[in-house]
Every structure is written in C-alpha cells, then in structure tokens.
Amino acid sequence: MDTTSPLERILRAVALTLVVVFFMFPIFWIFLMSFQTNETILSIPPSIVFSPTLSNYAALITGKLQTAAGTLDIAFMRNLGNSIFLSVTSVAVALVLGVPAAYAFARHKFKGSEDIAFTLLSFRFAPPLLVLLPLTQYFQWLGLSNTYFGLIWVYQLICLPLILWIVRGYFEDISADVEYAYRIAGHSWFATFRKIALPLAGPGIAAAGLLAFIFAWNNFVFALVLASADKQPVTVGALAFITSSGIQYGQIASAIVLSVTPTLALALYAQRYLVEGLSLGAVKG
Amino acid sequence: MTTLHLKNIVKRYKSHTVLDDLSLDVADGERLVLFGPSGSGKTVLLRLVAGVIEPDEGRVLIGGEDMTDVDAEHRGVGMAFQNFALFPHMSAFDNIASPLTATRSSKDAIAAGVQKVAKLLKIDHVLSHHPKALSNGQKQRTALARALVGSPPLLLLDDPLRNVDAKLRFEMRLELPRLLAAQGATVVYVTQDYKEAMALGDRIAVMSQGRIRQIGTPQQIYNAPADIEIARLFGDPTINLLDVTPQKGGEGVFVELSNVRVRLADYDGDVSGKSCVLGLRPETIVFVDASAPGAIPVTVEAETPLNEKTVTLAMTARGREILVSRPAGTPGPVAGPAHIAVNGAQAFLFDKASGRLLPRVDRESKRNGEAA
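Going down the list, the sequences are from chains C and A.
Position 238 of the first sequence, counting from 1, maps to 334 under our numbering, and the rest follow consecutively.
Position 154 of the second sequence, counting from 1, maps to 157 under our numbering, and the rest follow consecutively.
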C-alpha cells in the first residue's frame, strides 16, 4: 500500500467516483423525481432546485390519481401488499422445500442425484417466456390462474433452484466429520441436521433466502400473465401509471422508491449474514 | 469394556478396494493400535466400526452383537477424530456434553460429567470458549473429552495426536496410556507414528493396502517384522537394507560384507544361495577398532546428532550406505575411515523376491514371524 503514488491514489478516487455516480445517479434522480410534480419533471432544462411535494406519495397511498382526464383509481398499495405476500410466502415455501433437498443432495450421492439437481437448476436457464404459454393453459385447466396459490407455485421456478444450489454448497462445506461426531455421540440424523447442519449453514441459508426474495420481488412476466389486477405485484402494478392522459413520472418515481425500500432494508439487514456466510469456510474444526 | 470382531470386511470406492477381506479381533479391554502409512485404510476401518460408513461385505460385531446394520447413534462407541471435528457453533462445554445430552441425562448429571472429564484433561478453565478460541492442544483435549465423557465401552481414536505440535504430542503420549487405563475401555487407536504405536498398543496391527500385514505385540513386530516394508516403517533411523546372498560355511550360514564374513546364527542352510535382503537395525551396529574381529572398513560421510542418539552415515568399500546409531554422548568417528562390526544374531534376512522375512531356526521366530 505504501507504494501507491499520490497520482495513483487520485486516479483511483476518480475512477471509484465515476463508478458510484454511474450506478447511483439514476437512483438519486428517481428519489428527487418522487418529490416533484409532472410539470417540474418535464420542464426543460431540468433543475435540481424545486419545491418538494408529497402529492405523489399521497396519491399512491390514497389510491386516487389526479390526471388531466379526471380521477383514476390505482391499486398501488394493494400491489405492494401483494408483492410482499407473494415474495415472503414463495421464499418461505422454497426454504421449507429447498433446504432439506439441498442437504440430501449435499450428503447423499444416490443414483441420478446429480441429474435431478441439474434439472432443477436448468429451470433457471430457460427464458420464462418459453414456459409461459403452456403454463397459462395448464393453469386455466387446473383453475390456478389468478390465484395466490398458483403464483406462489410458479415463483418456485425462480426461488427453489436458487436456494437449492446455494444452500447445497454451504452444506457441502461443512465437514462431514463434524456431523459424524454428532451421530456417534448418540444423536439421530434428524437431530444432527437440526442442531449441526442447519446452524452451520445458517448464514448461507439467509443469503440464499435474500437472493431468492429479490428475484421473486423483481419478477414481472409471470405475474403479468398469470394474475389479474387484484393479485398483481408492484412490478406489474406500475404499468397503471401509463395512463391515457400521459405517463405519470412523479408517481412512477415514488412507486419505485416505495417498492425498492423493502428489498433495500432487507439487504442492509442481511449484509452481515452474507459476509459471515462467505467467511464461514475459513473456520475448520 | 467390550470386544470387537471384524469379519471379512470389504469396502470399495468405485473400483478401488480400500479394505480387502479384512478380519480383526480385539479382546475385552485391549488397546489395539492400527498402524500403517496414509491410504492404507485405517481411518475407513475405524469409521466402519463407528457406523458412519457401511461395509460392502463382512460383519462388524461389538460385544458379540452384530452391529453391521445398526446406526452410528445406537452403537455406543466413543470416537475422537484426527481433525478434532468439534462443533464450531457450540462452546467446549456443549461439545463435550453432546454424548450426554443424547441420553437425556439431567442438567446436573451432564454438568458433573463434563466437569469431571474436563478436569482430568486439564481443560476445565476453557469450557465456556468456542472452538475458535481454543489452542490446538485444547481443541485436541476437548475432542478427546467428548469421546471419553460417556464412558463408552469401545473407544475409537483416529490419530488424535496428528495435528498437535511435537511437545504436546510427547506429553500426550505419556499421558494417554494412564487416561485410557483409567477408562477401562477397549481401545482401537489409529496412528502413523511407530513410536506412538509402540508406546500405546498392547498389540499393533500393521495395515497396508487394505489388509493387515502383521499383528502382534510391539516387541514382536520390532524384533520380527513380517516383511521389508514393515521393517522399514518401524524404527528411527530406518533399518539398513543390503542385498546379499547367504552362503553355507563350516560354522553355519554367513553373508559377506566388504569381504568380511558375518555369521547369521539364526538361519540354517535353506537360505544359502538365495537372493536376500539383509536387515540391520542401526542400533545393532557399532564402531570398532580395525583390529577387532569382524571389523568392516567404512568411510564416515556425515553425522547427525539427535536428542538422545547420534546417527552416522557410513559408506562401505562397495559404496553402500549404512546408518549407525549410538546413544548420544558416546564417542565415535566424525569423518574419514573407520570400522564397524555387525551383530549377525540380530540381523534379519528377507527374501528379495517376496520381501517376506525368512523363517529363523530358533524357537521364537516360530511364534512371532507369522503374519496375521
């Protein structure tokens, strides 16, 4: 570190600043926009100086959108609730199903286990559009279209492979001897799974759960096709702001701010688990 | 205390046979050491007994009961792992207590049991620490305490001193026999260190390539190694091995080393003319004056003083290297020409083709020389 010259340090700072500005500026701009009216947003040249307004947030929360053509009902708060419900439930289901499966794949090499695990992963290779049409048909036959149950089921395509593969790696990192030691001490395999494997893979499970949550939250196309208005999450609900009387930029911006907040809060909270999870492998025995 | 019988155990990993039709009997209260180079199948064998690996063929009997299909948690054995295998998210106390919690003992009974064994192993002051905060020696003692705490009738120790430093290993080598005797358990102990094997074992089973090559008391194995490989594994410095062809003379069988005849009192005429390997323990060779009977001329190449002994590398006239070991502090040549004398009565003859120890004529060899 002593060898870095002042010039090098300055260049590095400039490069870092550029990267941060590049990635953070849109978010910053959205944040500003959420406090502006459509008129200020569309004024040319744009200005950083403006009188902030909470009208966008007020419109979202009350569900009454004032446009030139009159008052429109929007279901943004319901969308937000749907998003939270769908993502949380999907991740919970994926954890309940995926963690034991990941343990099985990590610890028991049975015939075809690699193939099954890979098939599950391959669900993530296929573009969603590929399965969307047949899925829509099936769901109509089964009476699952436009139900939370159906959506959560489809969301498993996103969450389950992710959790399975990430958590499997964490289980594999746990020394088998540690589990053997617990078995030999007189505990059943299930007690070993609960008391040894689960706590040791805990940070990894948290990390995988977080990632799955973000993916589920950001999903657009499944919800667009398989759910109608009252079951739609925010990603689809945001389409409502493109109205016949123009695009409501201010409301879109505040909707984005509101919909980013839960994932951001979760990511910040889980950050220490992520770091802990990554450094767990260094502790042997 | 209990007995352990392994009957015709076979274990394969894919096409590789790790244990090849292996049978072994351990008596009640016996300390048996499994000794062998890495990859000889010692650890796999131990895990088979513990029940965390299943054999492809054969039976495992503990206390006369067939345990082959019994799960590990119901076998009632204690085991210490080479890499300690402590539970990283539990305190030392909880680590040690784990065999007791499985039997649903009362809190007080658990605490008393842990305290007792912790005191015995001198780790009672670190019980609240997590493994991360323990020194290597403390980790090793915690792992040992966990194996001992339930007073299992059968104790499996997988090279528990492998990952601790030399000083601690020496201390534990002295302490372990006392500890194990106090437990009164039947012990199977795995090691790669022949000194540990000799110090701890009532009997030693020498393993190589998935088979037991020789089984016997430490003295039997040291004094009559079944083949060249075992002779090489036991002893420090390593045994001298010289290609020779014994001949029959007037007073019995002899070999020639640098044109000096060395009589092999233990062997008869059967071996004469055969291609053999002569095994000479470095401590049975002594430096002598040139005028002494049977003196063989050598050149001293190098001297290595070890703690309790001095090892000298000497070269014969034909350019063969010979290691000579003598107690430290005794005088000996440092460089240049010197003479050695070899005690033919303490030499081994191995068949060069098969590597096996050739039978000696005296009574002892009939008992000891046989491999298991």
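C-beta: ideal position from N, C-alpha, C; glycine also.
Would you mind telling me which residues of chain C sit closer than 8 angstroms to residue i, beta carbon to beta carbon, in chain order?
i                 : result
Phe396 of chain A : For chain A, the structure presents residues 4 to 375; residue 396 of chain A sits outside this window and is missing.
Ala88 of chain A  : Ser271, Asp273, Val274, Tyr276, Ala277, Gly381
Arg1 of chain A   : This structure does not reach residue 1 of chain A, given that chain A is present from 4 up to 375, and the question cannot be answered.
Phe84 of chain A  : Asp273, Tyr276, Ala277
Anyone know if the C-beta pair for residue i and residue j falls short of 8 angstroms?
i                 : j                 : result
Tyr199 of chain C : Ala88 of chain A  : no
Leu182 of chain A : Leu123 of chain A : yes
Gly159 of chain C : Ile170 of chain C : yes
Thr46 of chain A  : Val191 of chain A : no
Val327 of chain A : Ile288 of chain A : yes
Ala227 of chain A : Leu360 of chain A : yes
Thr313 of chain A : Gly335 of chain A : yes
Leu191 of chain C : Ile301 of chain C : yes
Leu382 of chain C : Leu354 of chain C : Examination of residue 382 of chain C is not possible in this model, given that chain C is present from 97 through 381 alone.
Asn242 of chain C : Ser183 of chain C : no
Ala317 of chain A : Val303 of chain A : yes
Thr106 of chain A : Gly66 of chain A  : no
Val187 of chain C : Cys255 of chain C : yes
Ala351 of chain C : Phe172 of chain C : yes
Ala350 of chain A : Ile280 of chain C : no
Leu258 of chain C : Ala213 of chain C : no
Leu247 of chain C : Val317 of chain C : no
His133 of chain A : Ser94 of chain A  : yes
Thr113 of chain C : Phe131 of chain C : no
Ile242 of chain A : Arg214 of chain A : no
Report the neighbours of residue i on chain A: residues whose CB is nearer than 7 angstroms to its CB, in chain order.
i                 : result
Gly282 of chain C : Glu76, Pro102, Ala105, Thr106
Could you tell me the distance, in whole angstroms, from the CA atom of residue i to the CA atom of residue j?
i                 : j                 : result
Ala303 of chain C : Tyr251 of chain C : 18 angstroms
Leu22 of chain A  : Leu322 of chain C : 58 angstroms
Glu178 of chain A : Ala308 of chain C : 53 angstroms
Leu107 of chain C : Leu362 of chain C : 34 angstroms
Asp168 of chain A : Met175 of chain A : 11 angstroms
Asp205 of chain A : Gly61 of chain A  : 25 angstroms
His8 of chain A   : Val63 of chain A  : 6 angstroms
Trp313 of chain C : Ile292 of chain C : 31 angstroms
Gln174 of chain C : Phe84 of chain A  : Reading the sequence as shown, one finds Arg at residue 174 of chain C and not Gln. Roughly 57 angstroms between the two C-alpha positions.
Leu51 of chain A  : Leu158 of chain A : 13 angstroms
Ile231 of chain A : Leu352 of chain A : 9 angstroms
Ala378 of chain C : Asp269 of chain C : The predicted position of Ala378 of chain C is uncertain, since its pLDDT is 41 and thus under 50; no value can be drawn from it.
Arg321 of chain A : Gln212 of chain A : 35 angstroms
Pro20 of chain A  : Gly44 of chain A  : A small fix is needed here, since residue 20 of chain A is Thr in this sequence, not Pro. Taking the straight line from one Cα to the other gives about 9 angstroms.
Tyr225 of chain A : Gly282 of chain A : 12 angstroms
Leu128 of chain C : Asn315 of chain C : 25 angstroms
Ala374 of chain A : Leu217 of chain C : Unreliable placement is indicated for Ala374 of chain A, whose pLDDT of 42 sits below 50; the coordinate value is still reported in the next sentence. About 54 angstroms.
Arg264 of chain C : Pro299 of chain C : 13 angstroms
Thr100 of chain C : Val117 of chain C : 24 angstroms
Leu103 of chain C : Val115 of chain C : 18 angstroms
Find the residues of chain C that neighbour residue i, judging by a C-beta separation of less than 7 angstroms, and give them in chain order.
i                 : result
Gly92 of chain A  : The sequence given here places His at residue 92 of chain A; Gly does not occur at that position. Result: Pro295, Leu296.
Arg284 of chain A : Residues of chain C passing the Cβ test: none, with the nearest at roughly 38 angstroms.
To the nearest whole angstrom, what separates the beta carbons of residue i and residue j, a pair I think is in contact under 8 angstroms?
i                 : j                 : result
Glu161 of chain A : Met82 of chain A  : The amino acid occupying residue 161 of chain A in the given sequence is Asp; Glu does not appear at that position. Sure, about 7 angstroms apart at Cβ, within 8 angstroms.
Ala356 of chain A : Ser278 of chain A : 7 angstroms
Val152 of chain A : Ile99 of chain A  : 5 angstroms
Pro163 of chain A : Leu147 of chain A : 6 angstroms
Phe267 of chain C : Ala287 of chain C : That belief does not hold up - the Cβ atoms of Phe267 of chain C and Ala287 of chain C are roughly 16 angstroms apart, past 8 angstroms.
Leu245 of chain A : Arg172 of chain A : Incorrect: roughly 33 angstroms between the Cβ atoms, too far for contact.
Ile343 of chain A : Val280 of chain A : About 19 angstroms separates the two Cβ atoms, so there is no contact after all.
Gly32 of chain A  : Gly187 of chain A : 7 angstroms
Gln217 of chain A : Val209 of chain A : 5 angstroms
Leu25 of chain A  : Leu49 of chain A  : Going by Cβ atoms, the distance from Leu25 of chain A to Leu49 of chain A rounds to 12 angstroms, so no, they are not a contact pair.
Val29 of chain A  : Thr189 of chain A : 6 angstroms
Pro249 of chain A : Leu267 of chain A : 6 angstroms
For residue i, which residues in chain C fall below 9 angstroms Cβ to Cβ?
i                : result
Val80 of chain A : Ile280
Q. At a Cβ cut of 7 angstroms, what residues of the segment 289–320 of chain C count as close to chain A, listed as they run along the chain?
A. Going along the segment 289–320 of chain C in chain order, one finds Ile292, Pro295, Leu296 with a Cβ nearer than 7 angstroms to chain A.
Q | the segment 269–281 of chain C: positions lying closer than 7 angstroms to chain A by Cβ | A | Near chain A, meaning a CB-to-CB distance below 7 angstroms, the residues of the segment 269–281 of chain C are Ser271, Asp273, Val274, Tyr276, Ala277, Tyr278, Arg279, Ile280, Ala281.
Q) Using a beta-carbon distance cut-off of less than 9 angstroms, what residues from the segment 250–272 of chain A approach chain C? A) Listed by position along the chain: nothing, the set is empty.
**Q.** Near-chain C residues of the segment 45–70 of chain A - C-beta to any C-beta below 8 angstroms
**A.** For the segment 45–70 of chain A, residues whose beta-carbon sits nearer than 8 angstroms to a beta-carbon of chain C comprise Arg50, Ala53, Gly54, Val55.
Q. What residues from the segment 109–137 of chain A come within 7 angstroms of chain C, judged by C-beta to C-beta, listed N to C?
A. The segment 109–137 of chain A vs chain C, Cβ under 7 angstroms: Pro134, Lys135.
Q: With 9 angstroms as the limit, tell me which residues of the segment 163–192 of chain A have their beta carbon closer than that to any beta carbon of chain C; keep them in chain order.
A: Legend: CB atoms of the segment 163–192 of chain A lying less than 9 angstroms from CB atoms of chain C belong to residues Asn166.
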